[in-house]
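Visitor:
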Ligand code: AMP
Ligand code: ZN
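Shown next, in the form of structure tokens:
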């Protein structure tokens, strides 16, 4: 095989795996094996720039920076949809159609995906352009960002027309949205409000590598162009699916309005089970010929109609507003409601986000408020029923002091949130910081949970995370629900955590805006905590991916006498506050979480050396193959029964060179 053929083969293979994973939701290889192949392709492409291809799967990681998005006219206008809210509205629409069309009319029913609309252009099976809707006549060129979305095919399969546009919606499924928010809360950022705005905001990010990290999906619903070789909307959906697009299967072909209503009623209930947000159903005349006869109004097609689900909404009384204090001192106002049924659950509380939101809604204790459940887990208040407002009601005054420690709150310019600045004396902050310190991605202390941390703080046994390392068994045994055995486990868990590598300790410190990735970058760049303590703002900003906001936060953390004292104690207790010799030698935690079996005889390294390498790079060596095995490093003479088992369980087998390449040796 020539290099070019090798590159092509890898591209095809990776495209297929992307398709299986992101379009069909049915992966056939492990993430790990995928990464190996992707890396192999990246290396080949780097060595052979003459075979560059803008649609190679390696281009999905992004990296292109767009400062200003170019505005480009749509070849075919992107219309809006007319909305309907009732059976009667739909009946009226049907009557209008019957007046213009002779004969029977079939309809397709599709879900109305709630995200950002997008128009993709394909030429000869390759994605050449992606435009936002804009004003419908022209949109912004967001091709670099859209390419990073894995369910958007860069290369089509089957018998596609030479040139066409396809329209769809970029959505952020709930799972991914919630995960993104968890990460933001971890580093002290405000969570995103809803999936739709986050999806459309993502399309306009300047750095496509950032977009690549967001779990966006693209759901397609409309084929546009000339000579497409299809006669109906339903057929075009099926064709698009064949060419490799993600076209949700919920779409249905129906014969009359009753069946349309059946579809609507079904999804009005079942939409809550979907992985992404929908706000209605779109009904379209199925025959493209009939569509053409019906044509367009100034704004929208006459052949399509959106039916909007009623947002599930109830009204209830606002009993009180309470204020929560987070780990970073951020204050979140929470509405305590008269309990009420909404979308199948009893709602007692709703988020009010921040002071501005309270002013905007002008919510007052005693008001009757409308509560809605959108994509978020916590319902929100959308408006006040002013007709029911009591004459005696007074505007809500936002608290000026911390509800936990009475310290005067501060609000920095440009920030929506108020903060309690009593970093060292405010209980929820103290507890929250220690809880973060022991959490799984940080020090991962076995035998110690968040509730126990609160008990320990409330009992006056600890006041910051360095105190953990002086705890004794005798001190903890009297705590609630603490038995001899669990006390042992707790103390042992704490003492074992001194081996956790520097980058995770750095993350565990809970410096605002320093998440896992930033902690890794800082650890790698500065190598010791002392170097970070002494780092200048300029120096920090020069580290890849670190901006002024993070730099300031790092400096602020390390100018606190108290923090420096705590860090000194952590040093005394033996925590890893610099990169270990192994890490300096270029060893890593690349294999973290991987369970690896070594089998056979090797050419360049001994079996023992291989095992050591696995452990030093964070992996676990196991002697037997099971479904938990991540992969096998196999030399010559791998046992036939092992081989058979590996194949049966679909476990990747790597030779020693591939393995060494994986750990960058
Ligand atoms: P609206 O923004 O309320 O005028 O609704 C029109 C928008 O709905 C279109 O621009 C599309 O982005 C979006 N949409 C979502 N799902 C569909 C679908 N299945 N068919 C057509 N449009 C859809
Ligand atoms: Zn406080």
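Numbering (the numbering used here), first residue to last: 533 to 1197.
Beta carbons are placed, not taken as given, at the ideal position from N, Cα and C, and that holds for glycine.
#1: Rounding to the nearest angstrom, what Cα-Cα distance links residue 1194 and residue 772 in this structure?
#2: Are at least three pairs of beta-carbons, each pair with one atom in the region 672-682 and one in the region 723-740, less than 8 angstroms apart?
#3: Decide if the region 1056-1075 is in contact with the region 998-1012; the criterion is three or more beta carbon pairs, one per stretch, under 8 angstroms apart.
#4: Taking the alpha-carbon of residue 798 as reference, which of 783, 808 and 621 has the nearest alpha-carbon?
#5: Would you say the beta carbon of residue 934 is closer than 7 angstroms to some non-hydrogen atom of ligand 2?
#6: Could you work out which residue in 944, 847, 878 and 855 is closest to residue 920 when comparing CA atoms only?
#7: So the candidates are 831, 576, 1037 and 618; which of them puts its Cα closest to the Cα of residue 971?
#8: Under 8 angstroms Cβ to Cβ from residue 605, same chain only, skipping five residues before and after it: list those, please.
#9: Could you tell me which residues DSSP pairs with residue 640 in its beta bridges?
#10: Hey, residue 1167 and residue 1188: beta-carbon distance below 8 angstroms or not?
#11: Using the C-alpha atoms, what's the distance from residue 624 back to residue 551?
#12: Just grab the DSSP bridge partners of residue 1104 for me.
#13: I need the straight-line Cα distance from residue 1139 to residue 1030, nearest angstrom please.
#14: Using only the alpha-carbon positions, how far apart do residue 813 and residue 677 sit?
#15: Which residues does DSSP list as the beta-bridge partners of residue 651?
#16: For residue 911, I'd like the list of residues in its chain whose CB is within less than 7 angstroms of its CB, leaving aside the five on either flank, ordered along the chain.
#17: Using DSSP with H/G/I as helix, E/B as strand and the rest coil, what is residue 897?
#18: When you compare only the Cα positions, how much space is there between residue 815 and residue 634?
#19: Taking only heavy atoms of ligand 2 into account, decide whether any of them is closer than 7 angstroms to the Cβ of residue 954.
#20: Return the first residue and the last residue of the alpha helix (DSSP H) that residue 734 is part of.
#21: Give me, in chain order, the residues of the same chain whose beta-carbon lies closer than 7 angstroms to that of residue 1012; leave out the 5 immediate sequence neighbours on both sides.
#22: Taking the alpha carbon of residue 870 as the reference point, which residue from 739, 841, 901 and 887 has its own alpha carbon closest?
#23: Do residue 752 and residue 700 have their beta-carbon atoms positioned less than 8 angstroms apart in this structure?
#24: For the candidate residues 1056, 1066, 1126 and 1067, whose alpha-carbon lies nearest to that of residue 1112?
#25: Would you mind giving the Cβ-Cβ distance between residue 741 and residue 857, rounded to the nearest angstrom? I have them listed as a contact below 8 angstroms.
#26: Please return the same chain residues whose Cβ sits closer than 8 angstroms to the Cβ of residue 978, not counting the five positions on each side in sequence.
#27: Using DSSP's beta-bridge definition, name the partner residues of residue 518.
#28: Could you please go through the chain and list the residues whose beta-carbon is closer than 5 angstroms to any non-hydrogen atom of ligand 1?
#29: Going residue by residue through the region 582-620, where are the continuous alpha helix (DSSP H) segments of at least 4 residues, counting only ones entirely within it?
#30: With a threshold of 7 angstroms (Cβ to nearest heavy atom), would residue 958 be considered close to ligand 2?
#31: Could you tell me whether the region 680-694 touches the region 536-551, using the rule of 3 or more Cβ pairs below 8 angstroms?
#32: Between which two residues does the beta strand (DSSP E) harbouring residue 672 extend?
#33: With distances taken Cα to Cα, identify the nearest neighbour of residue 1152 among 1122, 1134, 1173 and 1176.
#34: Give me the DSSP bridge partner(s) of residue 1163.
#35: Given the structure, does residue 937 come close to ligand 2, in the sense that its CB is under 7 angstroms from one of the ligand's heavy atoms?
#36: Who pairs with residue 868 in a beta bridge, going by DSSP?
Guide: The short version:
#1: 37 angstroms
#2: yes
#3: Taking 8 angstroms as the limit for Cβ pairs, the verdict is that the region 998-1012 does not touch the region 1056-1075.
#4: 783
#5: yes
#6: 847
#7: 1037
#8: 669 and 670
#9: Residue pairing by DSSP puts residue 640 in a beta bridge opposite 785 and 816.
#10: For the 8 angstroms CB-CB criterion, residue 1167 and residue 1188 form a contact.
#11: Distance between the alpha carbons of residue 551 and residue 624 is about 41 angstroms.
#12: Its beta-bridge partners do not exist; DSSP assigns none.
#13: 29 angstroms
#14: Approximately 28 angstroms between the Cα atoms of the pair.
#15: 663 and 699
#16: 874, 879, 882, 903, 904 and 905
#17: coil
#18: 19 angstroms
#19: yes
#20: 727-735
#21: Non-local C-beta neighbours of residue 1012 in its own chain, meaning closer than 7 angstroms and more than five positions away in sequence, comprise 987, ordered along the chain.
#22: 901
#23: yes
#24: Nearest C-alpha to residue 1112: 1056.
#25: Not confirmed; about 35 angstroms, so no contact.
#26: 1021, 1024, 1025 and 1028
#27: Residue 518 lies beyond the stretch modelled for the chain, which goes from 533 to 1197, so this question has no answer here.
#28: 612, 613, 642, 644, 645, 649, 701, 753 and 814
#29: none
#30: yes
#31: yes
#32: Unbroken beta strand (DSSP E) run through residue 672: 670-672.
#33: 1122
#34: Paired residue(s): 1128.
#35: yes
#36: 852 and 881
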